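Asks:
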Amino acid sequence: MEENKRNLRKERIGIVVSDKMEKSVVVAIRTKEKHPMYGKFINKTKKFTAHDEKNDAHIGDTVKIMETRPLSKNKNWRVIEILERAK
3 MEENKRNLRK
13 ERIGIVVSDK
23 MEKSVVVAIR
33 TKEKHPMYGK
43 FINKTKKFTA
53 HDEKNDAHIG
63 DTVKIMETRP
73 LSKNKNWRVI
83 EILERAK
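Start counting at 1 in the sequence shown, then tack on 2, and there's your number in my numbering.
Below is the structure:
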């Protein structure tokens, strides 16, 4: 039972908005949420700082990130793969 819990890690797909740091990128994840009262759809953006070991990801790339142990004060995600390069 314990082994299965460890592997249930969150995965997200987002766009790299900053790659100025060494071995780190900032990934923005956009979601559409329906307003509870008015029914209008609202775009919401959440930014995550993710670990990029090889410094491969650059601004505009679409990447998949996975939750991991805390790597620094506000970095507890890591880049698994680059899905699409920026044009």
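Glycine residues also receive a C-beta, built at the ideal position from the N, C-alpha and C atoms.
Please read these numbers as outputs of a predicted model, since none were measured by experiment.
Is there contact between the segment 23 to 32 and the segment 45 to 65, where contact requires at least three CB pairs shorter than 8 angstroms?
Replies: In short, these stretches touch, since the Cβ pair count reaches three.
Asks: Among the candidates N76, V65, L73, P72, whose CA atom is the shortest distance from the CA of I82?
Replies: In the sequence shown, the residue the question calls residue 82 occupies position 80. The candidate whose alpha carbon is nearest that of I82 is V65.
Asks: Under the DSSP definition of a beta bridge, which residues are partnered with T70?
Replies: Position 68 of the sequence shown, counted from the start, is the residue given in the question as residue 70. Beta-bridge pairing links T70 to no other residue.
Asks: According to DSSP, N45 sits in a beta bridge with which residue or residues?
Replies: The sequence position of residue 45 within the sequence shown is 43, counting from 1. K34, per the DSSP bridge assignment.
Asks: Can you say whether G62 is buried or exposed, counting buried as having 16 or more other CB atoms within 10 angstroms of its CB?
Replies: Position 60 of the sequence shown, counted from the first residue, corresponds to residue 62. G62 is exposed by the Cβ-count criterion.
Asks: Per DSSP, which one or two residues make a beta bridge with K77?
Replies: Position 75 of the sequence shown, counted from the start, is the residue given in the question as residue 77. T51, S74, per the DSSP bridge assignment.
Asks: In its own chain, which residues sit with a C-beta less than 6 angstroms from the C-beta of E86, not counting the 5 before and 5 after it?
Replies: Numbered from 1 along the sequence shown, position 84 holds the residue referred to as residue 86. Counting only Cβ-Cβ distances below 6 angstroms, and skipping sequence neighbours, we find T64.
Asks: Hey, how far is the Cα of R11 from the Cα of A52?
Replies: Sequence index remark: in the sequence shown, residue 11 carries index 9 (1-based). Sequence index remark: in the sequence shown, residue 52 carries index 50 (1-based). Distance between the alpha carbons of R11 and A52: 14 angstroms.
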